[in-house]
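Following: one structure in structure tokens, then a few remarks.
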Amino acid sequence: MIRARAFRRNLGTGLAAAALAGGWGAAPASAEPIFLSKQYPRCTACHYSPSGGGLLTQYGRSLSREEISTFGRSGAAGVASTDAPGSEESFLFGALGSDGPLQLGLDIRPSHLDLNVPGRSIADRNFLMNLDLQAAWQRERWTAYGSVGRGPTGGGEFVSYEHWIAYQVSDAVSVRGGRFLPAYGVRFADHTSFTREGLNLAQDDQVYGVEVGVSTDRSLLQMSVGPGRAESLVAGSGAAFTASGRFQHDLNPRTVVAGSVLYRGETDIGPRSTDTGVSFGYAPVRWLTTWTHTDLRFQRLAVSDRSYIVANQTSVEALRGVWLRVSPQVRWTDNDPRGEVRRMVYGLDFYPRTHWHVNLSYYRDHHRFGDLHTQTLLAQLHLYL
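For the sequence shown, numbering that gives the first Met the number 0 gives the first residue as 0, with consecutive numbering after it.
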């Protein structure tokens with residue numbers, strides 16, 4: 000598993016498609032925005048983390064069986080399930096039980112990567128993108144959460160990308176502190192998406208900080224502050240004040256609009272920046288979901304002080320548990336043609352049973368500067384136990 004940004008440096012700054020090799024599994028299993036069509040507009044409907052991703056709650060595991068999987072649901076194809084209630088979706092298929100305050104999850108992703116870059120010969124790769132153990136402990140109003148897994152470098156060391164403690168102050172207000180990915184925009188499962196990798200919200204971009212959430216029946220406000228990116232603080236490369244805010248309003252159970260802002264202070268390796276974004280999610284029917292995100296970044300650079308990102312992801316459930324996905328994306332920088340990249344992503348997501356997710360994604364990147372075209376094929380078997 001290779002860091003996305005390090006891999007890009009190895010291939011040259013113009014070969015952004017190579018960033019796809021940067022181990023999705025280095026992060027916990029991400030939220031799936033396509034399931035807005037199932038009338039679940041909030042991440043906390045299924046996940047412990049308020050910003051999505053990571054360990055599923057018991058309710059989320061149950062939904063993954065009844066609402067998502069092709070063959071795992073009770074009475075699928077007119078045949079009653081032979082599994083005991085709650086056993087298939089539970090950790091290790093219920094071998095350890097699931098009645099206590101401690102919940103566990105194991106995330107494994109064997110993968111195949113094929114890169115096609117003009118003028119370069121790059122061998123196909125078969126590798127284990129991640130092996131993560133996730134845990135959540137809840138008692139009354141308290142939640143403790145953590146994950147541990149293989150690091151993104153080849154050394155095989157274990158790291159914890161997320162660990163935090165949360166307290167539910169009231170039905171509407173919650174507070175958490177620790178290491179987490181700040182809430183911003185829409186969290187596509189693909190961390191190489193321009194709306195994630197392009198905004199420094201990828202697999203190892205969590206921050207240390209404190210977050211306050213205020214929730215009502217139709218709105219959610221999340222605000223966080225902290226000393227900066229966690230990996231930079233651990234490496235001793237300096238702190239940089241970071242603050243974020245995201246407001247989501249649910250127009251109805253299948254229509255969502257959200258506005259986000261993210262401020263990062265200046266560091267030795269990066270300028271001060273402010274990201275502002277607007278996201279819109281719409282699911283007119285149960286088999287169709289579309290999300291659109293636009294982003295404007297202000298930063299102090301010699302070439303330009305503004306950069307832009309526009310991305311859409313539209314998913315269609317062709318058959319139960321079989322989703323077809325298309326995602327046009329573009330990013331560019333004022334007065335700097337080298338920064339313009341246009342991407343098309345075509346994907347298939349298949350959820351045969353509760354713990355199984357087969358993902359095929361094909362990427363076509365067009366770098367306008369130099370008229371360079373790159374192609375990437377990623378195949379994953381995602382096992383969530």
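Using N, Cα and C, we set each Cβ at its ideal position, and we do this for glycine too.
Taking the Cβ atoms as the reference, G52 lies roughly 6 Å from R186, within the contact range of under 8 Å. Taking a C-beta distance under 8 Å as the contact criterion, R245 and A229 do not qualify as a contact pair. Within the same chain, V329, R330, W331, T332, H366, R367, F368 come within 8 Å of E339 by CB-CB distance, once the 5 residues on both sides are set aside. Secondary structure of A122 (DSSP, three-state): coil. Put simply, of R138, Q312, A282, G227 the residue whose alpha carbon is nearest the alpha carbon of D204 is G227. Residues R108, S110, N358 of the same chain have their beta carbon placed closer than 6 Å to that of Q379, with the five preceding and five following residues left out of the count. Scanning its chain for C-beta atoms nearer than 6 Å, with the 5 sequence neighbours on each side dropped, one finds around F279 the residues V256, T291, in chain order. Classified as exposed, W141 has fewer than 16 neighbouring CB atoms from the shown chains inside 10 Å of its CB.
Under the DSSP definition of a beta bridge, N334 lacks any partner.
The shortest CA-to-CA distance from V213 to any of H354, Y166, P32, R119 is the one to Y166. In the structure shown, R60 adopts helical secondary structure according to DSSP, grouped into three states.
Under the three-state reduction of DSSP output, P181 falls in the coil class, being neither helix nor strand. Assigned with DSSP and collapsed to three states, V233 falls in helix.
Across the set S63, A44, S36, H46, the C-alpha of S63 shows the shortest separation from the C-alpha of H356. Per DSSP, reduced to three states, the secondary structure at E196 is helical. Sorting N115, Y345, T289, L371 by C-alpha distance to the C-alpha of R337 places L371 at the top. In the same chain as V309, and ignoring 5 residues on each side of it, the C-beta atoms closer than 6 Å to its own belong to T293, V329, in chain order. When secondary structure is reduced to three states using DSSP, P32 falls in the helix class.
For Q298, the uninterrupted beta strand (DSSP E) segment begins and ends at 287 to 298.
Taking a C-beta distance under 8 Å as the contact criterion, L132 and V147 qualify as a contact pair. For A378, the uninterrupted beta strand (DSSP E) run begins and ends at 371 to 383, by DSSP.
Counted as a single uninterrupted DSSP element, the beta strand (DSSP E) harbouring E210 occupies residues 206 to 214. In the three-state DSSP reduction, A201 falls in the coil class, being neither helix nor strand. Taking C-beta separations shorter than 7 Å and ignoring five residues to either side along the sequence, the partners of R217 in its chain run H248, D249, following chain order. Beta-bridge pairing by DSSP links A242 to V224, Y262. In the three-state DSSP reduction, T43 falls in the helix class (H, G or I). When C-alpha distances from T288 are compared across R253, L295, E66, G264, the shortest belongs to R253. By the neighbour-count criterion, in which a residue is buried when 16 or more other Cβ atoms sit within 10 angstroms of its Cβ, D274 is buried.
Taking a cut-off of 8 Å for Cβ pairs, the region 175 to 184 and the region 259 to 275 touch, as three or more such pairs fall below it. With a cut-off of 8 Å on Cβ pairs, the region 188 to 204 is not in contact with the region 55 to 69, counting fewer than three such pairs. In summary, S314 is buried, with 16 or more beta-carbon neighbours lying within 10 Å of its beta-carbon over all protein chains present. The residue from L382, T373, L384 with its alpha-carbon nearest to that of N115 is T373.
When the five nearest sequence neighbours on each side are left out, the beta carbons in the same chain lying within less than 6 Å of the beta carbon of L103 are those of F90, A134, in order along the chain.
Rounded to whole angstroms, R263 and L318 show a C-alpha spacing of 43 Å. The Cβ atoms of Q298 and S272 lie closer than 8 Å to each other.
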